[in-house]
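*Asks:*
There are 2 protein chains.
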Amino acid sequence: MESRSGRRPGSPQTREAILDAAVEAFTEGGYAGTTIRAVARAAGVDPALVMHFFGNKDGLFDAAIRASGLPLRELGEVMEGDPEGLGERLVRRYLSLWESPEHGPKLRAVMSSASSSPAAAGMLKEFITSEVLQPLAKRLGVDNAETRGMLAGSHLIGIAFTRYVLNVEPIASLGGEELVACVAPAVQRYLTGDLPLA
Amino acid sequence: MESRSGRRPGSPQTREAILDAAVEAFTEGGYAGTTIRAVARAAGVDPALVMHFFGNKDGLFDAAIRASGLPLRELGEVMEGDPEGLGERLVRRYLSLWESPEHGPKLRAVMSSASSSPAAAGMLKEFITSEVLQPLAKRLGVDNAETRGMLAGSHLIGIAFTRYVLNVEPIASLGGEELVACVAPAVQRYLTGDLPLA
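Listed in order, the protein sequences are those of chains W and C.
Heads up: the first sequence is residues 1 to 198, going by full-length UniProt numbering.
Heads up: the second sequence is residues 1 to 198, going by full-length UniProt numbering.
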């Protein structure tokens, strides 16, 4: 049996079409503003098929995040170069990710959904822990790498939350390089400085 | 006409009863998990009366936040004492607020609702700007008081978000005094240190 769009229900192409529609819907409407029904309509399939592939809205959101290709791991590239300039490179790269037209809206959707979506919360946790900042701290060979990565990550998440989600002034319109210059020393200290940790 | 509870609809006591029920409901269920209907039921009134007093769920949430007595302004008390110990006193007081049985659950409700509720977002903004951190920075007589207050506030918000809302390890179970010792110097620098601001 063929669907009206010519795709077989249940085929990998159908799954792809649903995911494409989901990425677009979540990016525009966030987690709370997106329904399975609307994604199904945009993909030209029955809502039951969306449930078949992804279980529920959390599962769909999780898959959409993974499919949307957020380049968080690429933040690890900032390791290359002088260790003393690491904080500055990390903050600059992080802000440019948030400000890119490609990734910024997706990141906003992830952060503003973190309290309602376990998948979004999980993604932010991964950013701080296993995926990005702790490996980075570990490669530095410093003690307490996990705690260091988490302190740096907490600070970076707070900056993005106030600047890009809450849009609080004056942080929202502070120049990017001015913000980098203010925040980089704090992040650098968390990653490589003397910390009063046991 | 008397309601079954003996309170006159529209009386100040009825408004109080609705607010009490709202504070309890939002604290337990957060913004997303609370309905006008459930608050009305708990207060023993008709949902239409809740709408009459508070307009909509945002209005009710906003009033509940104000009624719940979050002692954010009391954070200003940390001004008393040695200016060089300000960051440490502020971080310690802030964490103890989050960890108090009375205020912690309300603060969690506010922060996890910030993306779905304009009132919650507004409250976090007030914390960073007009209510707490900027006045604190202004009283220090430093330049760029607004930007300084906002940088400190962004960091503090990120710490609470990862520790109390996302519950990321190892920050979630780090000892309070260890966390104070790590974060205080960064907050102190934002409030009184040399910053590369124009």
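For each residue, glycine too, the CB sits at the ideal point set by N, CA and C.
In this text the structure is predicted, and so the values were computed from the model without any measurement.
#1: Distance cutoff 9 Å, beta carbons only. Does K106 (chain C) sit that close to anything in chain W?
#2: Can you give the Cα-Cα distance for T35 (chain W) and K57 (chain W), rounded to whole angstroms?
#3: When Cβ atoms are compared, which residues of the region 112–139 of chain C fall closer than 8 Å to chain W?
#4: Have a look at M123 (chain W) and Q188 (chain C) and give me their C-alpha separation to the nearest angstrom.
#5: Where does T192 (chain W) fall in DSSP's three states?
#6: So, is G30 (chain W) buried or exposed, given that buried needs 16 or more other C-beta atoms within 10 angstroms?
#7: Could you check the C-alpha separation between L156 (chain C) and V91 (chain C) for me, to the nearest Å?
#8: What residue from C:A109, C:G141 and C:F53 has the CA that sits closest to L70 (chain C)'s CA?
#9: Is the beta carbon of residue 215 (chain C) sitting closer than 9 Å to the one on I18 (chain C)?
#10: Step through the CB atoms of chain W and report whether any lies within less than 9 Å of the CB of T147 (chain C).
#11: Check the Cβ-Cβ distances between L197 (chain W) and every residue of chain C, and say whether any is below 9 Å.
#12: State the start and end residues of the unbroken alpha helix (DSSP H) segment that holds F26 (chain C).
#13: Please name the residue, chosen from C:G85, C:D46, C:P105 and C:E28, that lies closest to L191 (chain C) on a Cα-to-Cα basis.
#14: What does P170 (chain W) reach in chain C if we use C-beta pairs closer than 8 Å?
#15: State yes or no: is the beta carbon of I157 (chain C) nearer than 9 Å to at least one beta carbon in chain W?
#16: Is the beta carbon of A32 (chain W) sitting closer than 9 Å to the one on S100 (chain W)?
#17: Could you check whether the region 144–164 of chain W touches the region 171–183 of chain C, counting it as contact only if at least three pairs of C-beta atoms, one from each stretch, sit closer than 8 Å?
#18: Would you kindly report the start and end of the unbroken alpha helix (DSSP H) that includes I159 (chain W)?
#19: Report back the beta-carbon spacing between I159 (chain W) and G87 (chain C) to the nearest angstrom; my notes put them in contact at under 8 Å.
#20: Compare the beta carbon distance of T162 (chain W) and K106 (chain W) with 9 Å and say whether it is the shorter of the two.
#21: Express the C-alpha separation of D82 (chain C) and Q134 (chain C) in angstroms, rounding to a whole number.
#22: Can you list, in chain order, the residues of its chain whose CB lies under 7 Å from that of I171 (chain W), leaving out five sequence neighbours each side?
#23: Quick one: measure Cβ to Cβ for V39 (chain C) and A25 (chain C), integer angstroms, because I've assumed they're closer than 8 Å.
#24: What's the call for S11 (chain C), buried or exposed, on a 16-neighbour Cβ count within 10 Å?
#25: Out of C:S68, C:A67, C:R66 and C:R89, state which residue places its alpha-carbon closest to the alpha-carbon of E77 (chain C).
#26: Check whether the Cβ of F54 (chain C) lies closer than 9 Å to any Cβ atom in chain W.
#27: Taking the straight line between their C-alpha atoms, what separation do you get for P118 (chain W) and R139 (chain W)?
#28: DSSP on D58 (chain W), reduced to helix/strand/coil?
#29: For E2 (chain C), which three-state DSSP category applies?
#30: Using a Cβ-Cβ distance under 9 Å, would A181 (chain W) count as near chain C?
#31: Which of the three DSSP states, helix, strand or coil, is assigned to I65 (chain C)?
#32: Within a Cβ cutoff of 8 Å, which residues of the same chain sit near L179 (chain C), ignoring the five residues on either side of it in sequence?
#33: So which residues of chain C does L174 (chain W) contact, with C-beta pairs closer than 7 Å?
#34: Just to confirm, are L136 (chain C) and T147 (chain W) a CB contact at a threshold of 9 Å?
#35: Just the Cα atoms here: how many angstroms apart are M1 (chain C) and E169 (chain C)?
*Replies:* Looking at the atomic coordinates:
#1: Within the second sequence, the letter at position 106 stands for residue 106 (chain C). Chain W contact via Cβ: absent.
#2: Translated into the one-based positions of the first sequence, residue 35 (chain W) becomes position 35. Translated into the one-based positions of the first sequence, residue 57 (chain W) becomes position 57. Roughly 7 Å separates the two Cα atoms.
#3: S112, S113, A114, S115, S116, A121, L124, K125, I128 and T129
#4: Mapped onto the first sequence, residue 123 (chain W) falls at position 123. Mapped onto the second sequence, residue 188 (chain C) falls at position 188. Between M123 (chain W) and Q188 (chain C), the C-alpha separation is close to 30 Å.
#5: As a working note, residue 192 (chain W) is residue 192 in the first sequence. Helix.
#6: Sequence index remark: in the first sequence, residue 30 (chain W) carries index 30 (1-based). That one is buried.
#7: Numbered from 1 along the second sequence, position 156 holds the residue referred to as residue 156 (chain C). Numbered from 1 along the second sequence, position 91 holds the residue referred to as residue 91 (chain C). Their Cα atoms are separated by approximately 8 Å.
#8: Walking along the second sequence from the start, residue 70 (chain C) turns up at place 70. Out of C:A109, C:G141 and C:F53, C:A109 has the C-alpha closest to the C-alpha of L70 (chain C).
#9: Residue 215 (chain C) falls outside the range modelled here, since chain C spans only 1 to 198, and no answer is possible.
#10: Stepping through the second sequence from its first residue, residue 147 (chain C) is reached at position 147. So, interface residue.
#11: Here residue 197 (chain W) refers to the residue found at position 197 of the first sequence. Yes - at least one Cβ of chain C is within 9 Å of the one on L197 (chain W).
#12: Working through the second sequence from its first residue, we reach residue 26 (chain C) at position 26. For F26 (chain C), the enclosing alpha helix (DSSP H) has its first and last residue at P12 to G29.
#13: What you label residue 191 (chain C) is simply residue 191 of the second sequence in a count that begins at 1. Among C:G85, C:D46, C:P105 and C:E28, the Cα nearest to that of L191 (chain C) is on C:G85.
#14: For the purposes of this step, residue 170 (chain W) is taken as the residue at position 170 of the first sequence. Correct list: E146, T147 and M150.
#15: Along the second sequence, one-based indexing puts residue 157 (chain C) at 157. For I157 (chain C), the answer is yes, since a Cβ of chain W falls inside 9 Å of its Cβ.
#16: Position 32 of the first sequence, counted from the first residue, corresponds to residue 32 (chain W). Position 100 of the first sequence, counted from the first residue, corresponds to residue 100 (chain W). Against a cut-off of 9 Å, the Cβ pair of S100 (chain W) and A32 (chain W) comes out as no contact.
#17: yes
#18: In the first sequence, counting from the first residue as 1, residue 159 (chain W) sits at position 159. Start and end: A145 to A160.
#19: For the purposes of this step, residue 159 (chain W) is identified with residue 159 of the first sequence, where counting begins at 1. For the purposes of this step, residue 87 (chain C) is identified with residue 87 of the second sequence, where counting begins at 1. The pair is not a contact, with the Cβ atoms about 17 Å apart (cut-off 8 Å).
#20: Here the question's residue 162 (chain W) lines up with position 162 in the first sequence. Here the question's residue 106 (chain W) lines up with position 106 in the first sequence. No; because the gap between Cβ atoms is not below 9 Å, this pair is not in contact.
#21: Here residue 134 (chain C) refers to the residue found at position 134 when the second sequence is read from its first residue. Here residue 82 (chain C) refers to the residue found at position 82 when the second sequence is read from its first residue. Their backbone Cα atoms lie some 18 Å apart in a straight line.
#22: Within the first sequence, the letter at position 171 stands for residue 171 (chain W). Excluding residues within five positions, the ones whose Cβ falls inside 7 Å are T162 and R163.
#23: The sequence position of residue 39 (chain C) within the second sequence is 39, counting from 1. The sequence position of residue 25 (chain C) within the second sequence is 25, counting from 1. The Cβ separation is near 5 Å, so the contact holds.
#24: For the purposes of this step, residue 11 (chain C) is taken as the residue at position 11 of the second sequence. Flag for S11 (chain C) reads exposed.
#25: As a working mapping, residue 77 (chain C) is identified with position 77 in the second sequence. For E77 (chain C), the nearest C-alpha among the options comes from C:R89.
#26: Here residue 54 (chain C) corresponds to residue number 54 of the second sequence, with the count starting at 1. Cβ-Cβ to chain W under 9 Å: no for F54 (chain C).
#27: If you number the first sequence from 1, residue 118 (chain W) lands on position 118. If you number the first sequence from 1, residue 139 (chain W) lands on position 139. Going by the C-alpha atoms only, they are around 29 Å apart.
#28: Residue 58 (chain W) sits at position 58 when you count from the first residue of the first sequence. Looking at D58 (chain W) - three-state DSSP - the assignment turns out to be helix.
#29: Here residue 2 (chain C) refers to the residue found at position 2 when the second sequence is read from its first residue. Low local confidence applies: a pLDDT of 43 at E2 (chain C) is under 50, so the model's placement there is unreliable, and no value is given.
#30: What you label residue 181 (chain W) is simply residue 181 of the first sequence in a count that begins at 1. Cβ-Cβ to chain C under 9 Å: yes for A181 (chain W).
#31: Numbered from its first residue, the second sequence carries residue 65 (chain C) at position 65. Looking at I65 (chain C) - three-state DSSP - the assignment turns out to be helix.
#32: In the second sequence, residue 179 (chain C) corresponds to position 179, counting from 1. Once the five neighbours on either side are set aside, the close Cβ partners of L179 (chain C) are V91, L95, I159, R163 and I171.
#33: Within the first sequence, residue 174 (chain W) is the residue found at index 174, counting from 1. In chain order: T147.
#34: Translated into positions along the second sequence, residue 136 (chain C) becomes position 136. Translated into positions along the first sequence, residue 147 (chain W) becomes position 147. Not in contact: L136 (chain C) and T147 (chain W) (Cβ atoms no closer than 9 Å).
#35: As a first step, residue 1 (chain C) is located in the second sequence; it is residue number 1 there, counting from the start. As a first step, residue 169 (chain C) is located in the second sequence; it is residue number 169 there, counting from the start. Low local confidence applies: a pLDDT of 46 at M1 (chain C) is under 50, so the model's placement there is unreliable, and no value is given.
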